[in-house]
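Engineer:
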Amino acid sequence: DALHYKTDCLTNACTLGALVLIYFTNLHIIDAIFGIVISLYTTFSAFKIIKKALAFLMDEALPKEQVDKICTLISNNPEIISYHELKTRKTPSCNYLSVHLVFCPIISLLNAHKISDEIEEGVRKMFENEKWDIQIHLDPYDDAEQERQRQ
74 DALHYKTDCL TNACTLGALV LIYFTNLHII DAIFGIVISL YTTFSAFKII
124 KKALAFLMDE ALPKEQVDKI CTLISNNPEI ISYHELKTRK TPSCNYLSVH
174 LVFCPIISLL NAHKISDEIE EGVRKMFENE KWDIQIHLDP YDDAEQERQR
224 Q
């Protein structure tokens with residue numbers, strides 16, 4: 074709505090400005106020039122809205138830089154053997170992260186859960202200006218390998 078009101082204000086201001094300039098200069102081409110400027114601005118604004126809407130509808134992944142930082146955070150924890158099925162997506166209101174963390178089979182569930190909480194907290198701190206929905210699955214072995222063998 075803000076963009077709509079901004080466009081309305083710009084359109085009305087340009088129209089009024091064009092009328093005033095035409096009145097004082099008697100150059101009627103000003104009307105066409107202002108009309109072109111308004112139509113270009115409106116078209117540009119529409120493309121920005123369409124781009125944002127398509128990104129939302131297409132489940133756009135997080136930027137590579139963010140994903141790389143998350144991967145580094147996970148990889149830097151010595152208790153985590155590996156990770157897989159890291160999936161991200163971005164909406165205008167929230168970022169989504171899902172990942173499977175592989176731990177040594179003898180680690181206690183309590184410790185694995187604490188580590189997953191640390192990872193979640195680390196992600197939230199790294200990108201504290203953004204809202205997150207984080208799902209972390211704890212694996213005692215790399216079940217991704219078994220899944221690949223089944224296929």
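In this note's numbering, the protein residues as written are 74 to 224. Yeah, the Cβ is synthetic: ideal placement off N, Cα and C, and Gly gets one too.
(1) Taking its Cβ as the centre, do 16 or more other Cβ atoms sit within 10 Å of Ile102, making it buried, or is it exposed?
(2) Asn149: which of Glu203, Ile123, Leu174 and Ile106 sits nearest, CA to CA?
(3) Inspect the beta-carbon positions of Tyr169 and Arg162 and report whether they are closer than 8 Å.
(4) Provide the residue span of the beta strand (DSSP E) that contains Phe129, from first to last.
(5) Does the structure place the stretch 210-217 close enough to the stretch 180-192 that three or more beta carbon pairs sit under 8 Å?
(6) In chain order, what residues of the same chain lie with their CB nearer than 7 Å to the CB of Phe97, ignoring the 5 residues before and after it?
(7) Report the three-state DSSP secondary structure of Phe97 (helix, strand or coil).
Structural biologist: In this structure, then:
(1) As a first step, residue 102 must be located in the sequence shown, where it is residue number 29. Exposed, by the Cβ-count rule.
(2) Position 76 of the sequence shown, counting from 1, holds the residue named residue 149. That would be Leu174, whose Cα lies nearest to the Cα of Asn149.
(3) Along the sequence shown, one-based indexing puts residue 169 at 96. Along the sequence shown, one-based indexing puts residue 162 at 89. Their beta carbons are under 8 Å apart, which means Tyr169 touches Arg162 by this criterion.
(4) Here the question's residue 129 lines up with position 56 in the sequence shown. Per DSSP, Phe129 belongs to no beta strand (DSSP E); it is in the alpha helix (DSSP H), Ile102 to Leu130.
(5) yes
(6) Along the sequence shown, one-based indexing puts residue 97 at 24. None.
(7) On the sequence shown, position 24 is the one that residue 97 refers to. Helix.
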